[in-house]
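**Student:** 335 is the number that full-length UniProt numbering gives to position 335 of the sequence shown; each next residue is one higher, with no gaps. Quick one: the structure is below, questions incoming.
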Amino acid sequence: MKFALIGNPNVGKSLIFNQLTGIGVEISNFPGTTVDLCSGNVCYKKEKFEVIDFPGIYSLDGKSEEEEEVRKYLRNEHIDALIAVLDSTHLERNLYLLLQVAEYELPTVVVLNMTDEAEKQNIHIDFAELSDILGCEIIATTATEGKNIGQIIPAALQVASKIKARVPYDRHVEAGIRSLVKLSECSRLEAILTLEGINQNPELTETAETISVEIEEEHKMSVYQIMATNRHNEASKISDEVTSEKGEKKEFRFEKYLTRYFPGIPILALILLSTLLIVFFVGSFLEELIVSIFEQYAVEPLLAMGLDPLTEQVSFSFIIALQAGLGIAFPFVFVFYILISILEDSGYMTRAAFLADRAMHRIGMHGQALIPMVLGFGCNVPAVMSIRHLSKRERVIASFLITMVPCSARTVIIAGIVAVFVGVPAAISVYLIVFALIALTGVVLTKFTPGEQYGMILEMAPLRTPKAKQTLSRAWLHMKEFIFIAMPILLVSSIFLGLLQYGGIIQAFQDVFAPAMDAALGLPDYASTSLLFGILRKEMAFETLAILAGTADLGSVMTGIQLYVFAVVSVLFVPCVSTIAVLYREMGIKIAALVSAYTLTLGLVVGSLIHFIWSAL
């Protein structure tokens, strides 16, 4: 059996999906599109059921790719029951989508989520009356606490029913629907979609256009506008009948100050700086602890065993890779994702987007593009994928800027090399250089990229107190990719490198590039190999450097300025293969090639400038 979750963005739908299916899910695309579709399995009474998580949408009558694909899926694919997730604090707006879902006549269970926030805002909903009006089961949940989540699947199996509530459309629209059904022998749903201009059925279109012209002449409005108004009115009516507010809404004491330019901007700057400092200091402490354990209990005993050269080289490469991955990369990445999860779960990210709107316009985008930019601090791949809601012009600009954002893998390089071996102020200066180059690149692209620049409509998520379990689960979800994808690649690559090093092939490769690396960047010969492996995964530049240098204590084999230049070049250098692949899929080969060429040139030029300026001092 197949169930599907549908609802507005930010209603807790994906959290409910994760709690039903577990964190490990399969993410695929709607056929022939770039719209993500999450699919997972849930077991109930020894039976396995498939659960699909549709992308968050506000309506089923829009023209966005997400809305079109959800609409197509509901019409063409078999679904045993829909699980409609609604936000208790914004019931009227959520009912608009639910009334459209009702027209598809699918068995449905309604989940009213965020009931705890409704209580905090003194909003009371009469669940029994709402169930009576809709004619289906209502489940009140608090997804952040897991409250009543266990009732969803049994309800979907046993009591899911078609929603009986219907939108009373304008009499002329109703007459038009009946005419289409009678003349063309189509379903009521097909008639509604055709009148709205959504269903492009050649047999119905001509008749529908004739009816639409008559209605528009009568009302001086399009049929689409009339039907949308009717739905909004019905949603408002139902909401008023079942909702009552008692007393004033409660809010965080300092909430109103977070969206003012003062003190909002200083607070935003302080939060970003604090995030970096916590990553640096906590990550450095954990790194030192884990690396010393590896040195004492793995590296030194191995070297003392007196193995034959080949076995020792392979074993040493394997242990150094473990040490670099678990001892250096893991602490920084995990701490970073915990902090980002706290910011996301608290609802602060939308306020940051609002504050950044004016500045983002200067680099060719609006404030909502800040969210993909911040996502880029975690990983550039989902950040690039999240720019689909931007205009074509903004997507082009965002493609360049997001790939320059220091992702968690680049943070490993900055924190693990510069902060540890050169100093925290030097590490922060790397970020300042990157941010300055992002701003400069954005300003230039704004001047030359064709297309219009649009404003921003942003839903302000309520401030919440993050739940520790939810925050750690979200951080672990991101870390699973590092442990189960990055680490195996790192270990295999490390052993491969060890074999190449044993055979002298690495040295031959480095001899070719050594003069250029030394003359332009002042780096040792093995740095060229490290930069090349960094294209596979960014943290591998650092880890390969440790492997080829023969130690994780890079400060003992390279000078401070060499480490600084290597970090800057690695951070600005060509994005990883995954990012390039996603860029190609989202934007085409031309943009992917331009971004790769630009970042390659930028990294080498900036690294050379730093080297020559330092040498001249």
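C-beta atoms are modelled at their ideal positions from N, C-alpha and C, and glycine is treated no differently.
Mind checking whether the beta-carbon of Val333 lies closer than 7 angstroms to any heavy atom of the ligand ATP?
**Tutor:** The ligand ATP is not part of the structure shown, which contains no ligands of any sort.
**Student:** Ile483 by DSSP, collapsed to three states: which one?
**Tutor:** helix
**Student:** Taking the C-alpha atoms as reference points, what is the distance between Leu98 and Ala415?
**Tutor:** Leu98 and Ala415: Cα-Cα distance of roughly 48 angstroms.
**Student:** Would DSSP call Tyr584 helix, strand or coil?
**Tutor:** helix
**Student:** Output the distance between the C-alpha atoms of Phe3 and Ile561, rounded to the nearest integer angstrom.
**Tutor:** 57 angstroms
**Student:** So which of Asp116, Glu92, Phe318, Ser187 has the shortest CA-CA distance to Phe496?
**Tutor:** Phe318
**Student:** Whose CA, out of Leu339, Leu86, Pro263, lies closest to the CA of residue 618?
**Tutor:** For the chain, the structure presents residues 1 to 617; residue 618 sits outside this window and is missing.
**Student:** Does the distance from the C-beta atom of Ala304 to that of Ile363 stay below 8 angstroms?
**Tutor:** Cβ atoms of Ala304 and Ile363: not closer than 8 angstroms.
**Student:** Which one of Phe330, His232, Glu67, Pro301 has the shortest CA to CA distance from Val282?
**Tutor:** When each option's Cα is compared against that of Val282, the closest is Phe330.
**Student:** Among Val605, Arg351, Ser236, which one has its Cα closest to the Cα of Arg260?
**Tutor:** Arg351
**Student:** Hey, out of Ala427, Glu174, Gln151, Thr311, whose CA is closest to Ser284's CA?
**Tutor:** Ala427
**Student:** Who does Gly40 pair with in a DSSP beta bridge?
**Tutor:** Partner(s): Val51.
**Student:** Going by beta-carbon coordinates alone, are Ile133 and Ala165 separated by less than 8 angstroms?
**Tutor:** yes
**Student:** Whole angstroms is fine: what's the gap from Ile371's alpha carbon to Phe377's?
**Tutor:** Ile371 and Phe377 have their C-alpha atoms roughly 10 angstroms apart.
**Student:** Would you tell me roughly how many angstroms separate the C-alpha atoms of Cys407 and Leu276, rounded to the nearest one?
**Tutor:** Roughly 12 angstroms between the two C-alpha positions.
**Student:** Look at the alpha carbon of Tyr58 and the alpha carbon of Gly534, and state the distance between them as a whole number of angstroms.
**Tutor:** 40 angstroms
**Student:** Which same chain residues, not among the five before or five after Leu491, have their C-beta less than 8 angstroms away from its C-beta?
**Tutor:** Phe318, Ala321, Leu322, Gly325
**Student:** For Glu357, tell me which candidate among Ile52, Leu268, Ile6 has the shortest Cα-Cα distance.
**Tutor:** Reading off the sequence, residue 357 comes out as Asp, not Glu. Of the listed residues, the one whose Cα sits closest to Asp357 is Leu268.
**Student:** Would Leu272 and Val422 be called neighbours here (beta carbons separated by less than 8 angstroms)?
**Tutor:** no
**Student:** Cα separation between Met460 and Phe509?
**Tutor:** 54 angstroms
**Student:** Among residues of its own chain, excluding the 5 on either side of Asn199, which ones have a beta-carbon nearer than 7 angstroms to its beta-carbon?
**Tutor:** Glu190, Leu193
**Student:** Helix, strand or coil: which one does DSSP assign to Asp87?
**Tutor:** Here Asp87 sits in strand by DSSP.
**Student:** Return the first residue and the last residue of the alpha helix (DSSP H) that Ala175 is part of.
**Tutor:** 171-184
**Student:** With a cut-off of 8 angstroms, do at least 3 Cβ pairs link the segment 543-563 to the segment 434-450?
**Tutor:** no
**Student:** Per DSSP, Asn113 forms a beta bridge with which residues?
**Tutor:** Paired residues: Asp87.
**Student:** Taking the C-alpha atoms as reference points, what is the distance between Ile489 and Leu307?
**Tutor:** 25 angstroms
**Student:** Is the separation between the beta-carbon of Met365 and that of Glu586 shorter than 8 angstroms?
**Tutor:** no
**Student:** Given a cut-off of 8 angstroms on the beta-carbon distance, is the pair Ser570 and Pro466 in contact?
**Tutor:** no
**Student:** Go ahead and pull the three-state DSSP assignment for His78.
**Tutor:** coil
**Student:** DSSP on Thr350, reduced to helix/strand/coil?
**Tutor:** Here DSSP, grouped into helix, strand and coil, assigns Thr350 to helix.
**Student:** At which residues does the beta strand (DSSP E) containing Leu5 begin and terminate?
**Tutor:** 2-7
**Student:** Between Gly607 and Lys147, what straight-line distance do the alpha-carbon atoms span, to the nearest angstrom?
**Tutor:** Pairing Gly607 with Lys147, the inter-Cα distance amounts to about 53 angstroms.
**Student:** Inspect the CB distances between the segment 399-406 and the segment 595-603 and report whether three or more fall short of 8 angstroms.
**Tutor:** yes
**Student:** Quick check: the segment 230-246 against the segment 86-93, are there 3 or more CB pairs under 8 angstroms?
**Tutor:** Because the criterion of three Cβ pairs below 8 angstroms is met, the segment 230-246 and the segment 86-93 touch.
**Student:** Could you please give the first and the last residue of the uninterrupted alpha helix (DSSP H) stretch that includes Ala616?
**Tutor:** 589-616
**Student:** Residues in the same chain with beta-carbon distance under 7 angstroms from Thr529, minus the five sequence neighbours each way, listed in chain order, please.
**Tutor:** Ile506, Phe509, Gln510, Thr544, Leu548
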